[in-house]
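Visitor:
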Amino acid sequence: MASKSGRRSIRVAVAALLGVVVKRFSMNLVNSRLRSDPMLSVISSPGLVRPGVILMAALLTAGSVGANEWRPQDFAYGITITPGDDSALQAVELPAHYYQHSARRGGGDLRVFDSAGQPVPHLIESPVSSEFRVADHQLPLFPVYAPERSELDSLSLQLERRADGSLINISSQSPATSPDVQVIAYIIDASQANQRYAQARLSRLSFNWSEPEYGVINQLQLDASDNLNDWLPLSSGQSLSRLEYAGQTLGKKDIKLAGRTGADYLRLSWPAGQSPVILDSVNGRYTWTQLNQAIELRMLPVPITPVSEALTELEAGAYIFATGGQFPLEQLSFTARSDGGNQFFSGSLYTRLRDNSRWLKHSEFEQFVLNERAGKVTSEAHEMQRNRARHWLIRWTFPPALAEQGLVSARLGWRPERLLLLAQGQPPFTLAYGNPEVPALNDQQTRWFYSLPEAMQKPDAPVAASLGDPLALGGPVLQHPTGQAPNWRKILLWSVLVIGVLLMLWMASRLYQQMNQADRPEA
-4 MASKSGRRSI RVAVAALLGV VVKRFSMNLV NSRLRSDPML SVISSPGLVR
46 PGVILMAALL TAGSVGANEW RPQDFAYGIT ITPGDDSALQ AVELPAHYYQ
96 HSARRGGGDL RVFDSAGQPV PHLIESPVSS EFRVADHQLP LFPVYAPERS
146 ELDSLSLQLE RRADGSLINI SSQSPATSPD VQVIAYIIDA SQANQRYAQA
196 RLSRLSFNWS EPEYGVINQL QLDASDNLND WLPLSSGQSL SRLEYAGQTL
246 GKKDIKLAGR TGADYLRLSW PAGQSPVILD SVNGRYTWTQ LNQAIELRML
296 PVPITPVSEA LTELEAGAYI FATGGQFPLE QLSFTARSDG GNQFFSGSLY
346 TRLRDNSRWL KHSEFEQFVL NERAGKVTSE AHEMQRNRAR HWLIRWTFPP
396 ALAEQGLVSA RLGWRPERLL LLAQGQPPFT LAYGNPEVPA LNDQQTRWFY
446 SLPEAMQKPD APVAASLGDP LALGGPVLQH PTGQAPNWRK ILLWSVLVIG
496 VLLMLWMASR LYQQMNQADR PEA
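This is the structure in structure tokens:
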């Protein structure tokens, strides 16, 4: 849909073009007659020519009606913003109501006004920067041998290290060949990888193991240290699994790390008396990403329904769900029946922005909740890059009629964006949205933020403002201008243009008739 400014430019161009054509046509006729018969100079009197000029000015003026700044009443909805203090830079998290009723993607129809209705400089900041890279690096792995019931922290370990701090060997007082000893832990050396990827963070550990071949490894403890003597816990109660189900091998082989560890050494252990884990290798995933601010993931449950009327082969037998807005989605998981039974399902996801758009394949997924003797194993949520699609379609790979067996809803994880505003003018401010004709802000309109002092551009610099409850400004009709309610402003503008063009054509016709009458000989 063309923006309001685009259509305004089209109106001005059409009016100008028609005016120039009619004016040139009329003036050419007048000049040619004047050259042939000076007596016709009366026709060139201001009575006929000047009204054309005046009419052209009226048309151009009509084309520019509404070119003023947008007002709060031009938006469907609004929310009051109360500054946290008198600081210049304020910030709020965009609420769910905004994503449900925004009429353009990516905040294109969002504006901020002060109490006098004057525009306020603002921009929308993503919680995660656009730069995102990963690198997988195999990390050196060293088993720790000790008697089965030994306390890990009481062991005396002998370490061999290179000059750069990387480990060569780890040994305990109990040799690995002794019959009463076993692997009770592993030391992971991340020192060299940390130096290599100094600007990244270790975000995930992926394990490969020989024993147990299938099953669940429960109650894993992960600790961190910089000197191999003092250990701090990173996570506890973690589990790994490798299962065979329905002819497929699946499970959970990763441990996610929250925040920035920065430790050179990691230690993986499990409770005394639990069967040992025989690891073959471990890979560390290093991630380059910049969190602009710590905004938690929100969960949005939505029902899943079968396609009622399949218009394409893709839709036949498929299931659909809608988000109800332009939420920036990052995760997807499914909620199935709660009878405690095993659940495994896989499929393909398709998306589209509008009801009449074509379905585009997004990704494939697997989800499961399985029972094992060691406990219940649950798959992680299906992660995706931020996606604002409203409509989603599922084609089940296994089983094909899953929804009929008790799948009830999908859980969508989304992270709100942050609105930054310069507290200019009189508070309170109004966050306005919900008009598809409002053009998106250009670079010049958001450049103000990057002109601020560097200290004010840091993620923690803005002061947290507070939001009021959503309220109607211009009403929902502005959110859907193609509905039943007429847009009287648009009707008025186009009426003036059409009437003006018809009037100019009538003037040209009258001028032509007067010229022909002047050519006729008098009786």
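Just so we're aligned, residue -4 is where the sequence shown starts under this note's numbering, counting upward by one.
For every residue, glycine included, the Cβ atom is placed at its ideal position computed from N, Cα and C.
Determine the extent of the beta strand (DSSP E) in which residue 131 is found, giving its start and end residues.
Guide: Indexing the sequence shown from 1 puts residue 131 at position 136. First-last of the beta strand (DSSP E) with residue 131: 128 to 134.
Visitor: How would you call residue 34, buried or exposed, if buried means at least 16 neighbouring beta carbons within 10 angstroms?
Guide: Taking the sequence shown and counting its residues from 1, the one referred to as residue 34 is at position 39. Caution is warranted here: a pLDDT of 39 is assigned to residue 34, below 50, making its placement in the model unreliable, and the coordinate value is therefore given only provisionally. When all chains shown are included, residue 34 counts as exposed.
Visitor: Going residue by residue through the region 213 to 275, where are the continuous beta strand (DSSP E) segments of at least 3 residues, counting only ones entirely within it?
Guide: Whole beta strand (DSSP E) segments, 3+ residues: 227 to 240, 243 to 247, 249 to 251, 260 to 264.
Visitor: Decide yes or no for the touch test of the region 404 to 421 against the region 352 to 365: beta carbon pairs closer than 8 Å, at least 3 of them.
Guide: They do not touch, by the three-pair rule.
Visitor: Looking at the strands, I want to know which residues DSSP matches up with residue 510.
Guide: Here residue 510 refers to the residue found at position 515 when the sequence shown is read from its first residue. In the DSSP output, where bridge partners are listed per residue, residue 510 has none listed.
Visitor: My parser needs the beta strand (DSSP E) runs of 3 or more residues fully inside the region 412 to 491; what are they?
Guide: Taking only runs of at least 3 residues, the beta strand (DSSP E) segments lying wholly in the region 412 to 491 are 413 to 417, 424 to 428.
Visitor: On the DSSP bridge list, what partners appear for residue 313?
Guide: Working through the sequence shown from its first residue, we reach residue 313 at position 318. Answer is none; residue 313 lacks a bridge partner.
Visitor: To which residues does DSSP link residue 386 through a beta bridge?
Guide: The count along the sequence shown starts at 1 and reaches residue 386 at position 391. In DSSP, residue 386 forms a bridge with 317, 347.
Visitor: For residue 501, count neighbouring Cβ atoms within 10 angstroms of its own Cβ and tell me buried if that reaches 16, exposed if not.
Guide: Your numbering for residue 501 matches position 506 in the sequence shown. The residue in question, residue 501, is exposed, as its Cβ has fewer than 16 Cβ neighbours within 10 Å.
Visitor: Measure the alpha-carbon distance for residue 300 versus residue 122 and round it to whole angstroms.
Guide: Here residue 300 is taken as the residue at index 305 of the sequence shown, counted from 1. Here residue 122 is taken as the residue at index 127 of the sequence shown, counted from 1. Looking at the two C-alpha atoms, the distance is approximately 32 Å.
Visitor: Relative to the alpha-carbon of residue 74, which residue among 429, 375, 221 has its alpha-carbon at the smallest distance?
Guide: Against the sequence shown, residue 74 aligns to sequence position 79. If we check each option's Cα against that of residue 74, 429 comes out closest.
Visitor: With DSSP as the reference, label residue 337 as helix, strand or coil.
Guide: Taking the first residue of the sequence shown as position 1, residue 337 is located at position 342. Residue 337: coil per DSSP, three-state reduction.
Visitor: In the DSSP assignment, what residue or residues form a beta bridge with residue 280?
Guide: Counted from its first residue, the sequence shown places residue 280 at position 285. Its beta-bridge partners are 131, 199.
Visitor: Out of 191, 247, 252, state which residue places its alpha-carbon closest to the alpha-carbon of residue 219.
Guide: In the sequence shown, counting from the first residue as 1, residue 219 sits at position 224. If we check each option's Cα against that of residue 219, 252 comes out closest.
Visitor: Going by the DSSP bridge assignment, what does residue 326 pair with across the sheet?
Guide: Translated into the one-based positions of the sequence shown, residue 326 becomes position 331. In the DSSP output, where bridge partners are listed per residue, residue 326 has 378, 408.
Visitor: Exposed or buried, which one is residue 163 when buried takes at least 16 other CB atoms within 10 Å?
Guide: As a first step, residue 163 must be located in the sequence shown, where it is residue number 168. Its Cβ having fewer than 16 others within 10 Å, residue 163 is exposed.
Visitor: Starting from the C-beta of residue 283, find all residues in its chain whose C-beta is less than 6 Å away, skip the five residues before and the five after it, and write them out in chain order.
Guide: Looking up residue 283 in the sequence shown gives position 288. Closer than 6 Å at the Cβ level, and outside the excluded window around residue 283, lie 128, 195.
Visitor: Check whether the Cβ of residue 406 sits closer than 8 Å to any heavy atom of the ligand HEM, and report yes or no.
Guide: Only the bare structure without any ligand can be found here, which leaves the ligand HEM out of the picture.
Visitor: Leaving out five residues on either side along the sequence, give the residues of the same chain with a beta carbon under 7 Å from the beta carbon of residue 231.
Guide: Position 236 of the sequence shown, counting from 1, holds the residue named residue 231. Closer than 7 Å at the Cβ level, and outside the excluded window around residue 231, lie 216.
Visitor: Between which two residues does the alpha helix (DSSP H) containing residue 177 stretch?
Guide: Against the sequence shown, residue 177 aligns to sequence position 182. Residue 177 -> not in any alpha helix (DSSP H); beta strand (DSSP E) instead, spanning 176 to 184.
Visitor: Using 10 angstroms around the beta-carbon of residue 410, count the other beta-carbons present and answer buried if the total reaches 16, otherwise exposed.
Guide: The residue given as residue 410 occupies position 415 in the sequence shown. With 16 or more Cβ atoms within 10 Å of its Cβ, residue 410 is classed as buried.
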